[in-house]
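Chemist: In this text, residue positions in the sequence shown follow UniProt numbering: the first is 1, and each later residue adds one.
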Amino acid sequence: MKPIPPTPSRTEQTYQAILDQICTGALTPGTHLVQEQLAARLGVSRQPIQQAMALLKSDGLVQEIGGRGLCVAPLDLDAMRERYEVRAALDALAARLAASRAAAAQEVAREIGRGGSEIIAAGETATAAGDIPRMVERDVAFHRYLYEVSGNGLVAATAEPHWRYLRRVMGDVLRHAEDGGSIWEQHAEILDAVVAGNADEAAARATAHVERAARRLSAALSGQADGREAGVAGNAQPVSGKDADR
1 MKPIPPTPSR TEQTYQAILD QICTGALTPG THLVQEQLAA RLGVSRQPIQ
51 QAMALLKSDG LVQEIGGRGL CVAPLDLDAM RERYEVRAAL DALAARLAAS
101 RAAAAQEVAR EIGRGGSEII AAGETATAAG DIPRMVERDV AFHRYLYEVS
151 GNGLVAATAE PHWRYLRRVM GDVLRHAEDG GSIWEQHAEI LDAVVAGNAD
201 EAAARATAHV ERAARRLSAA LSGQADGREA GVAGNAQPVS GKDADR
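What follows is the structure, given as structure tokens:
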């Protein structure tokens, strides 16, 4: 008898819905989050909203605004760079472990190659269509796949909090990439090294890929962050349907 998979709680669903709005930019940095409005829009009571806000605050995605409630936290470039540094180390470890598994068993190598190639192909299709949300989704999927095939469950568990934060800027990183297709070429190079069982090369390529992403982040957002931070204290606006849908 197979266990019944757990159903996400109302709090988890509410948390995910608000998180998605923050990560896609529908809720921009500085937006005042009014619990009554959020509850009405999401069709839930205030309790799951309050619980979701507590989780988002602990993740550093929302912050208090001088006794007036909570707003979407501004982008912190230094914090982003630190998270990319952690991600670089985790991705390198995952690639190294996955390559070692591939080197030990040819069938494992083939399975890793098939799964990774499917994700890359979907990402290339999204890039050709200019579908930024889908590109972000497939980009995250590739790295999570790398963690999965590493064989070490702690890699994914350690990386997940950072991904929640980094998803906020991935769309901007992809938009400002000189050639969006190059991201998938880099993914393919990592996958090739993993499937070939070359642990050192796989780790090096994974590190280089994340470092490139961090540089694109800095170039794309350094100017934007200053303006957003300046607007948080005096210009926070209540969340409205118009703000949330743009």
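Virtual Cβ for every residue (Gly too), placed ideally from N, Cα, C.
Every value quoted in this text rests on a predicted model; they were computed, and no experiment measured them.
#1: Going along the chain, which unbroken runs of the beta strand (DSSP E) with 3 or more residues stay wholly within the UniProt domain "HTH gntR-type" (8-75)?
#2: Please identify the residue among Asp139, Pro133 and Asn198 whose C-alpha is closest to the C-alpha of Ile183.
#3: Is the distance from the Cβ of Gly197 to the Cβ of Ala99 below 7 Å?
#4: Decide if Ala199 is buried, meaning its Cβ has at least 16 other Cβ atoms within 10 Å, or exposed.
#5: Cutting at 8 Å between CB atoms, please list the residues of its own chain near Leu93, excluding the five before and the five after it.
#6: Could you tell me whether the stretch 206-217 touches the stretch 119-133, using the rule of 3 or more Cβ pairs below 8 Å?
#7: Flag this pair as yes or no: are the beta carbons of Val194 and Ala88 separated by less than 7 Å?
#8: Report the three-state DSSP secondary structure of Ala196 (helix, strand or coil).
#9: Do you know how far the Cα of His187 is from the Cα of Gly66?
#10: Hey, quick one: how far does the alpha helix (DSSP H) through Gly115 stretch, first residue to last?
#11: Quick test of the definition: if touching needs 3 or more C-beta pairs under 8 Å, does the stretch 28-42 touch the stretch 62-77?
#12: How long is the line joining the alpha carbons of Glu12 and Leu56, rounded to whole angstroms?
#13: Measuring straight from C-alpha to C-alpha, what distance separates Arg168 and Cys23?
#14: In whole angstroms, what is the alpha-carbon distance linking Gly241 and Val44?
#15: Note down the Cα distance separating residue 256 from Phe142, rounded to an integer number of angstroms.
#16: Is the distance from the Cβ of Arg164 to the Cβ of Asp59 below 7 Å?
#17: Let me know the secondary structure DSSP gives Gly151 once reduced to three states.
#18: Near His162, what residues of its chain come up, given a Cβ to Cβ distance below 7 Å and the 5 sequence neighbours on each side ignored?
Modeler: Let's see:
#1: The UniProt domain "HTH gntR-type" (8-75) contains these whole beta strand (DSSP E) runs: 62-64 and 70-72.
#2: When each option's Cα is compared against that of Ile183, the closest is Asp139.
#3: Contact flag set, yes.
#4: That one is buried.
#5: Same-chain partners within the cutoff: Ser150, Asn152, Val155 and Ala203.
#6: Contact between the stretch 206-217 and the stretch 119-133 is not established, with fewer than three Cβ pairs separated by less than 8 Å.
#7: One thing to note: Val194 has its Cβ no nearer than 7 Å to the Cβ of Ala88.
#8: Three-state result, Ala196: coil.
#9: For Gly66 and His187, the distance between alpha carbons rounds to 44 Å.
#10: Membership of Gly115 in the alpha helix (DSSP H) is indicated by the continuous run Gln106 to Ala129.
#11: Short answer: they touch.
#12: Glu12 and Leu56: Cα-Cα distance of roughly 11 Å.
#13: Taking the straight line joining both Cα atoms gives about 4 Å.
#14: Because Gly241 sits at a pLDDT of 40, beneath the cut-off of 50, its placement in the model cannot be relied upon, and the point is left open.
#15: Residue 256 lies beyond the stretch modelled for the chain, which goes from 1 to 246, so this question has no answer here.
#16: The criterion of a C-beta distance shorter than 7 Å is satisfied by Arg164 and Asp59.
#17: Three-state result, Gly151: coil.
#18: Within its own chain, the residues whose Cβ lies closer than 7 Å to the Cβ of His162, once the five positions on either side in sequence are excluded, are Arg83, Val86 and Arg87, listed in chain order.
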